[in-house]
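With the sequence shown counted from 1, adding 105 to any position gets you this note's numbering.
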Amino acid sequence: IETLTNRRIGKYDEGNNWVWGGYNALGQLVTYEDVSLRSGITTTTYRSASEYSIEGQLAYYKEDITSSAAPDLKTTIYTGATGIDNENNPQKSALGYAVLGRLKKSEEFRIELDTAQSEKLKAGTRITKTIAAFDADGTNAIGAGYNDKGQASSYLEIRDMQGQSITQEFKH
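Written out as structure tokens, the structure is:
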């Protein structure tokens with residue numbers, strides 16, 4: 106299966122016109138759009154509102170995802186947030202980094218919305234990932250969770266489906 110992805114750096118203005126750009130004054134990527142085609146299905150991911158810490162590490166961003174496979178479904182992901190308030194503003198919680206600048210903990214809140222009939226589907230999920238090496242029970246962190254190549258090798262993921270269920274999964 107072949108995947109073709111086209112990325113354009115920029116953002117939409119108030120009139121919904123594409124404006125090239127997408128970097129802040131420090132040259133950090135803030136907005137872009139990816140359009141992927143795989144097996145005849147087009148998926149569009151629009152990342153916006155990226156924020157960085159004073160150390161230059163990614164702290165927050167928002168992604169809106171749509172697909173030709175389900176044109177009425179829109180998924181919005183707030184990375185670096187634990188939820189949204191009543192006015193749809195993200196409740197930010199900066200990503201956590203370890204001493205070497207590697208990601209240690211992330212919070213993500215995602216909303217799946219039926220754009221045609223929002224009363225039928227508007228589901229929120231909070232996802233917390235902690236990158237660490239855990240003991241056999243998965244309860245005590247005993248190491249950094251990265252292999253000797255600097256790749257994340259184990260983490261604990263907690264998914265809170267906002268009143269439906271909470272799952273906890275250890276991955277290694």
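Ideal Cβ placement from N, Cα and C applies to all residues, glycine included. Keep in mind the model is a prediction, meaning the values are calculated, not measured.
Go through its chain and collect everything with a Cβ distance to residue i's Cβ below 6 Å, but skip five positions before and after it.
i	result
K68	Any answer about residue 68 is impossible in this case: the structure gives the chain only from 106 up to 277.
I170	T150 and T180
L261	T235 and F275
Kindly identify the DSSP beta-bridge partner or partners of residue i.
i	result
V140	N111 and T149
D169	Y151 and T181
G201	K210
A186	K197
On the three-state DSSP scale, how would you describe residue i?
i	result
P278	Examination of residue 278 is not possible in this model, given that the chain is present from 106 through 277 alone.
I159	coil
T233	strand
S262	Rather than Ser, the amino acid found at residue 262 in this sequence is Glu. Reduced to three states, the DSSP call for E262 is strand.
V135	coil
E192	coil
L218	strand
Q273	strand
A249	coil
K116	strand
L227	Going by the sequence as given, residue 227 is Lys instead of Leu. Three-state result, K227: strand.
A78	The chain is shown from 106 up to 277; residue 78 falls before or after that span and cannot be answered.
Leaving out the 5 sequence neighbours to the left and right, which residues in its chain are closer than 7 Å to residue i when beta-carbon positions are compared?
i	result
A203	K209 and A249
Would residue i pass as a contact of residue j if the rule is Cβ separation under 7 Å?
i	j	result
A246	A237	yes
T184	E213	yes
T136	S172	no
L142	L163	no
I333	R207	In this structure the chain extends from 106 to 277, so residue 333 is not present and cannot be described.
D177	A221	yes
Mark residue i as exposed unless 16 or more other C-beta atoms lie within 10 angstroms of its C-beta, in which case mark it buried.
i	result
R231	buried
L131	exposed
E138	buried
R152	buried
I263	exposed
L200	buried
Y117	exposed
G127	buried
Can you list, in chain order, the residues of its chain with a C-beta nearer than 8 Å to that of residue i? Leave out the 5 residues immediately preceding and following it.
i	result
A154	V135, T136, Y165, Y166 and K167
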